[in-house]
Amino acid sequence: MKAQKLVEVHRGPFEEGEHWGHAVICDGAGDVVEAWGDPDAVILPRSSSKMIQAIPLLESGAGANLTTQQWAFACASHDGAPLHRDMARLWLKDLGLGDDDLRCGAQVPMSRKVADDMIRAGETPCQVHNNCSGKHCGFLMLSQHLGAGPEYVEPDHPVQRAVLDAHEHVTGMTSPGYGIDGCSAPNFATTMTGLAAAMGRFAAARADGDGRERAMHTLTRAMAAHPEYVAGEGRACTELMRAMNHKVAVKTGAEAVYIAIVPELQRGIAVKILDGGTRASEAVITALLVRLGVLQADHPVARRYMESPIRNWRGIETGGLRTVAALRA
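Per the numbering used here, the sequence shown starts with residue 159, numbered consecutively.
Okay, structure coming up:
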């Protein structure tokens with residue numbers, strides 16, 4: 159099966175563009191409930207898999223005494239705002255470490271406002287501003303707990319071996335390989351079904367299960383409870399989780415990957431847009447959340463992402479982006 163058209167871009171009466179991709183919904187057992195495009199397509203889940211990468215931190219006991227905000231932060235692709243910067247610095251301080259111990263690289267904050275404020279103040283971006291610094295603080299904590307070395311992003315490091323073990327367990331398949339992510343950590347590949355199945359298992363994870371299941375349960379609820387730490391103000395992840403009253407965890411990834419974990423329905427969703435268009439992945443994940451009934455179609459957040467208007471420089475609405483009928487049926 160090939161990719162499927164999932165989003166249309168219109169200008170006036172004309173269809174001006176299309177976004178094609180794949181989407182899969184799985185249940186708590188990891189079985190496919192619905193699919194669009196190719197459920198067997200192999201993808202790199204990128205940052206949409208951060209909750210998988212955080213499993214060993216909790217499962218090992220290394221992160222047992224962290225706050226729920228820190229658990230959410232370990233799964234974040236954040237804006238580098240003061241909220242996030244300060245969290246990373248405090249976490250590193252508690253570990254007896256500093257910015258130089260991170261391996262994610264310095265990054266200009268993703269928030270334009272924060273970046274502009276830093277320029278005005280004459281401040282230079284550090285690694286704590288990197289959108290993945292929360293995940294890397296977790297990696298460093300786990301590395302200390304394991305008594306392992308400082309190069310925790312190396313694929314054969316005990317931290318990454320633990321991540322791979324968790325990844326293959328929750329996806330239910332052997333990973334076909336990895337790519338190096340923007341933050342220098344390996345990102346393990348899986349199929350669309352593998353990623354959706356993993357999210358379905360997160361959705362079904364019980365607080366009284368084994369160590370891995372408890373870790374999954376904890377991370378899901380921490381993300382949903384603290385969406386401002388997972389992304390930031392004005393970001394789709396944060397706005398969608400708030401719109402669903404903190405009952406669902408969602409997470410974006412680079413190159414237009416998106417996941418959702420829906421505990422009340424024991425459903426997991428995975429989305430991938432082939433051209434890497436984030437506007438399309440945001441639209442599709444929103445449409446599927448509406449489809450499952452956990453987000454109201456007329457909610458302002460749902461309307462903004464699912465059927466985004468396109469305006470010209472004078473503010474005149476000239477067209478719009480909308481998901482295909484097959485997702486909304």
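All C-beta atoms in this analysis are idealised placements derived from N, C-alpha and C, irrespective of residue type, glycine included. Because the structure is a prediction, the values reported are computed rather than measured.
query	result
How would you write the range of the beta strand (DSSP E) that Leu-260 sits in, first residue to last?	Careful: Leu-260 lies outside any beta strand (DSSP E) and carries neither H nor E.
Which of the three DSSP states, helix, strand or coil, is assigned to Glu-397?	helix
Let me check understanding here. Comparing Cα to Cα, which of Asp-433, Arg-278, His-303 and Gly-426 lies closest to Ala-414?	Asp-433
With distance defined between alpha-carbon atoms, name the residue in Ile-468, Leu-423, Arg-437 and Gly-478 nearest to Val-452.	Leu-423
Among residues of its own chain, excluding the 5 on either side of Ala-230, which ones have a beta-carbon nearer than 6 angstroms to its beta-carbon?	Ala-380, Met-381, His-384, Tyr-387 and Val-388
Taking the C-alpha atoms as reference points, what is the distance between Ala-161 and Ala-438?	14 angstroms
Label Ile-338 either buried or exposed according to how many other C-beta atoms from any shown protein chain fall within 10 Å of its C-beta, with 16 as the threshold for buried.	exposed
Please name the residue in Ala-441, Ala-412, Glu-475 and Arg-372 whose C-alpha comes closest to that of Pro-214.	Arg-372
Kindly list the residues whose CB is nearer than 7 angstroms to the CB of Glu-166, restricted to its own chain and excluding five residues on each side of it in sequence; keep chain order.	Glu-173, Glu-176, Arg-480 and Val-482
List the DSSP bridge partners of Ile-338.	Pro-344
How many Å lie between Ser-291 and Arg-247 at the Cα?	10 angstroms
Taking Ile-146 as part of the beta strand (DSSP E), name the residues at either end of that continuous run.	Given a span of 159 to 487 for the chain in the structure shown, any question on residue 146 remains unanswerable.
Sort Val-182, Arg-486 and Leu-253 by Cα distance to His-303 and report the nearest one.	Leu-253
Could you give the C-beta distance for Lys-542 and Lys-293, rounded to a whole number, given that I count them as a contact under 8 angstroms?	The requested residue 542 is not part of the displayed model; the chain covers only 159 to 487.
How would you label Arg-278, buried or exposed, when you count the other beta carbons within 10 angstroms and need 16 or more for buried?	exposed
Excluding sequence positions up to five away, which residues of its chain have a Cβ less than 7 angstroms from the Cβ of Gly-188?	Gly-330, Ala-355, Gly-358 and Arg-359
Provide the residue span of the beta strand (DSSP E) that contains Tyr-416, from first to last.	415-420
Have a look at Ala-455 and Gly-305 and give me their C-alpha separation to the nearest angstrom.	50 angstroms
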